[in-house]
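Reading through the structure tokens given below for one structure.
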Amino acid sequence: MTKNNNTMSETYQHQITGNPFIREDLTHLCLCPCCGAPDCGEEYMLLTESQGRQEAVLFGGGTFRGYLNYWFYEGITPEEYSRLPEFVRQNNECNGWQDISAECTGIDADDFLLTLESIKNDSCKKYLYDDFENYYYPVFKKFAEEVMRKGQKLYISI
């Protein structure tokens, strides 16, 4: 894998123009953990731009944040926490891509792939549904790897 020049510590905002081409729509898998409805309309997008055309993967933000929140608990040591991918820490700390003012923020593709691996290989495996390994993981991984292979930037829109 080649290293993406986009670092998480820097915030890159991206303008969504028009309607991006939706390569995958995972919203049908995203059920609100509170009411059981399809994520109560909280849709996120992984985005890239290629030759002036935006492409995206659409998914439920509440469900995905649920996967990230497994590390937000009492008992994790500072050393364990510091080893988590920055994408996860920004979710926990409500900064970077998860900042209240963020709309479409550049994220590091390598760090995002590390996040996916961390979720997939977590020893807790407390997923509400088994959809992560079967659907989210392969779709997100393929999208992020393609972005890296083409030398593009990866964004998340919340």
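Per the numbering used here, the sequence shown runs over residues -11 to 146. Here a beta-carbon is modelled for each residue, glycine too, at the ideal position from N, C-alpha and C.
S145: not part of any alpha helix (DSSP H); member of the beta strand (DSSP E) spanning L142 to S145, first to last residue. In chain order, A97, F100, L101 and L142 place their CB closer than 7 Å to the CB of A132, counting only its own chain and leaving out the 5 sequence neighbours on each side. Cβ-Cβ distances below 6 Å link Q78 to G84, W85 and Q86 in the same chain, with the five nearest sequence neighbours on each side left out; the list follows chain order. With a cutoff of 8 Å on beta-carbon distance, E12 and V127 are scored as near each other. Assignment of beta-bridge partners to Q42 by DSSP yields E37. Using a 10 angstroms sphere on the CB of S70, the tally of other CB atoms stays under 16, which defines it as exposed. In the displayed model, I88 falls within coil according to three-state DSSP, outside both helix and strand.
Note that the C-beta distance between Y32 and G49 is below 8 Å. Inter-residue distance for L17 and S145 is about 18 Å (C-alpha atoms, whole angstroms).
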